[in-house]
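Undergrad: Residue numbers (the working numbering): 74 to 310. This structure is in structure tokens; I'll ask about it shortly.
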Ligand SMILES: O=C1O[C@H](COP(=O)(O)O)[C@@H](O)[C@H](O)[C@H]1O
């Protein structure tokens, strides 16, 4: 199946790209462009990024973009409840692949907190996110099961995480795979972004996207919560 065959809502735009490197470069250029616009118009900018394995080439391209990183706040859509030194840490991922050279001047508001329980860590992250400026651009990823951020199907707290009116900025969630304990920005906070971009690579994730577009149950495939709002999908085979 080709991405052009998807039945997309009018609010969704697709950028079909030739390959992974082209996707990474195009996404980085577009994110940086939006951040430059925000800095020019209000003196600061805020970007929320996703973790996992696939964002590495994009993060490295973004690190090389010429912009005034001292005026940029960076946060994460989700985090694994592990310290930054742990190989699964999304904060560690950014430290290794984004905060290098000039990009090291960015302000980072992370979600991880060392606490007695995941629930307390999420409350602490929720409080820390009160300092997050309005989100200019959000880059989402998507898992093969239709999760985005760490809004996983069948997780406790998922209904609250998907509630568009929730007052929570961050919640504790459980993933089906290790590490299970996650911290996730809520849909309510994520949906406040001025621009939302979704990075999707490969035939498997295209099939997931097609399945997501074919149904309405947000708890079955939480990515559905973002498919009917303005969204740009960056896709490559
Ligand atoms: O667990 C996660 O998975 C998704 C997708 O990750 P990917 O490596 O398959 O791209 C990611 O968007 C999310 O932030 C991450 O914590």
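Idealized CB from N, CA, C, for every residue including glycine.
Can you say whether residue 86 is buried or exposed, counting buried as having 16 or more other CB atoms within 10 angstroms of its CB?
TA: For the purposes of this step, residue 86 is identified with residue 13 of the chain shown, where counting begins at 1. By the 10 Å Cβ count, residue 86 comes out exposed.
Undergrad: Any idea if residue 296 is buried or exposed, counting beta-carbon neighbours within 10 angstroms, 16 or more meaning buried?
TA: One-based indexing of the chain shown puts residue 296 at position 223. The residue is buried, with at least 16 neighbouring Cβ atoms inside 10 Å.
Undergrad: Find the nearest neighbour of residue 231 within the set 161, 148, 261, 251, judged by alpha-carbon distance.
TA: The sequence position of residue 231 within the chain shown is 158, counting from 1. Distances from the alpha-carbon of residue 231 to those of 161, 148, 261, 251 put 261 closest.
Undergrad: Between the alpha carbons of residue 187 and residue 204, how many angstroms are there, rounded?
TA: As a position in the chain shown, residue 187 is number 114, starting the count at 1. As a position in the chain shown, residue 204 is number 131, starting the count at 1. Between residue 187 and residue 204, the C-alpha separation is close to 19 Å.
Undergrad: What do you reckon, is the C-beta of residue 183 under 8 Å from a heavy atom of ligand 1?
TA: Against the chain shown, residue 183 aligns to sequence position 110. Flag unset: Cβ of residue 183 not near ligand 1.
Undergrad: Shorter than 8 Å, the distance from the beta carbon of residue 230 to the closest heavy atom of ligand 1, or not?
TA: For this step, residue 230 is matched to residue 157 along the chain shown. False, no ligand heavy atom lies under 8 Å from that Cβ.
Undergrad: Specify which residues have a beta carbon nearer than 5 Å to any heavy atom of ligand 1, listing them in chain order.
TA: With the cut-off at 5 Å, the residues found are 123, 124, 125, 126, 127, 151, 214, 216.
Undergrad: DSSP state of residue 155, grouped into three classes?
TA: Translated into the one-based positions of the chain shown, residue 155 becomes position 82. Of the three classes helix, strand and coil, the one that applies to residue 155 here is coil, per DSSP.
Undergrad: Please report the straight-line C-alpha distance between residue 116 and residue 144, rounded to a whole angstrom.
TA: Here residue 116 refers to the residue found at position 43 of the chain shown. Here residue 144 refers to the residue found at position 71 of the chain shown. Computed Cα separation, rounded: 7 Å.
Undergrad: Let's test the definition: count the other Cβ atoms within 10 Å of the Cβ of residue 220 and tell me whether it reaches 16, buried, or not, exposed.
TA: As a position in the chain shown, residue 220 is number 147, starting the count at 1. Residue 220 should be labelled buried.
Undergrad: Below 9 Å between beta carbons: does that hold for residue 223 and residue 246?
TA: Within the chain shown, the letter at position 150 stands for residue 223. Within the chain shown, the letter at position 173 stands for residue 246. In contact: residue 223 and residue 246 (Cβ atoms closer than 9 Å).
Undergrad: Determine the closest residue to residue 140 out of 165, 112, 160, with distance taken between C-alpha atoms.
TA: Here residue 140 corresponds to residue number 67 of the chain shown, with the count starting at 1. Comparing Cα-Cα distances from residue 140 to each of 165, 112, 160, the minimum goes to 112.
Undergrad: Ignoring anything shorter than 3 residues or poking outside the region 91-165, list the beta strand (DSSP E) runs there in chain order.
TA: 118-122, 145-149, 151-153
Undergrad: Find out if the Cβ-Cβ distance for the pair residue 170, residue 128 is shorter than 9 Å.
TA: Taking the first residue of the chain shown as 1, we reach residue 170 at position 97. Taking the first residue of the chain shown as 1, we reach residue 128 at position 55. In this structure, residue 128 lies closer than 9 Å to residue 170 by Cβ.
Undergrad: With H, G and I counted as helix, E and B as strand and the rest as coil, what does DSSP make of residue 272?
TA: Your numbering for residue 272 matches position 199 in the chain shown. Strand.
Undergrad: Apart from the five residues on each side of it in sequence, which residues of its chain come closer than 7 Å, Cβ to Cβ, to residue 198?
TA: Position 125 of the chain shown, counted from the start, is the residue given in the question as residue 198. Contacts found: 184, 186, 243, 256.
Undergrad: Smallest Cα separation from residue 98: which of 182, 119, 131, 114?
TA: In the chain shown, the residue the question calls residue 98 occupies position 25. Of 182, 119, 131, 114, the residue nearest in Cα terms is 131.
Undergrad: Out of 167, 269, 275, which has the shortest C-alpha to C-alpha gap to residue 91?
TA: The sequence position of residue 91 within the chain shown is 18, counting from 1. Of 167, 269, 275, the residue nearest in Cα terms is 275.
Undergrad: Find the nearest neighbour of residue 306 within the set 279, 290, 292, 293, judged by alpha-carbon distance.
TA: As a first step, residue 306 is located in the chain shown; it is residue number 233 there, counting from the start. Among 279, 290, 292, 293, the Cα nearest to that of residue 306 is on 279.
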